[in-house]
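What follows is a single structure, written as structure tokens, with notes after it.
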Amino acid sequence: VNFGSIGAVIGHEMTHGFDDEGRLYDAEGKLNDWWTPADTAEFTKRADQYGEQFAKFTSGLPEGMHIRPQLTMGENIADLGGLTIAYEAWQMWQTKNSYTPQPPMLEEYGSGGSQSEGDRRFFAGWAQIWQSKYRPSELINALTTDRHSPGFARATIPVQNLGAWYAAYGVKPGEGLFLDAAERVVIW
């Protein structure tokens, strides 16, 4: 759970150095677009594809409202990067420590002792940090001005881009949170 929560937050902050704004600063912290044109083009292509996932997201949003990826892109990229970094760290830690997840205390986590069990706990940690409730007027204000996507979007969209999430929960084509492999984005 800690890898999926605080680990992902730490990874999120690290990723800001390579998001749509952070990438414009060099190793000295000076404003300097140091990427090659090819790297910039590939990054932009992937970021735009990821942004489309947020633009199309409507679950829980007021009718006619959408997430504005041009406003939230840096945070969205940092969420995906942070989650990816944390998951890779979780995998490395398990290997190094010969870790086998113990049976869960709560029935909804599933049966214990499997790789999927540990991964479900990881992703549960991710989801827990984005628990939120909005007043309708505050949600409209956030969608208009906040550089962060709503918590419920942050909890679901990044995980849809990680294959491990599908394996952990057995998500199949046709289910609500399924995203075809060709549509999944890897930025980092």
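Numbering (UniProt numbering), first residue to last: 1 to 188.
Using N, Cα and C, we set each Cβ at its ideal position, and we do this for glycine too.
Just so it is clear, the structure is predicted and the values come from calculations on it, not from any experiment.
For a cut-off of 8 angstroms, the C-beta gap from leucine 143 to isoleucine 67 is around 6 angstroms, short enough to register as a contact.
Here tyrosine 134 carries a coil assignment [DSSP, helix/strand/coil]. Using a Cβ distance threshold of 9 angstroms, tryptophan 93 and phenylalanine 123 do not count as a contacting pair.
For the options Glu88, Asn32, Gly22, Pro69, the alpha carbon positioned closest to that of arginine 154 is the one of Pro69.
In the displayed model, leucine 177 falls within coil according to three-state DSSP, outside both helix and strand.
By alpha-carbon distance to tryptophan 188, the top candidate from Trp35, Ala27, Thr84 is Thr84.
The criterion of a C-beta distance shorter than 9 angstroms is not satisfied by aspartate 20 and glycine 81. When the five nearest sequence neighbours on each side are left out, the beta carbons in the same chain lying within less than 7 angstroms of the beta carbon of alanine 168 are those of Ser116, Asp119, Arg120, Phe123, in order along the chain.
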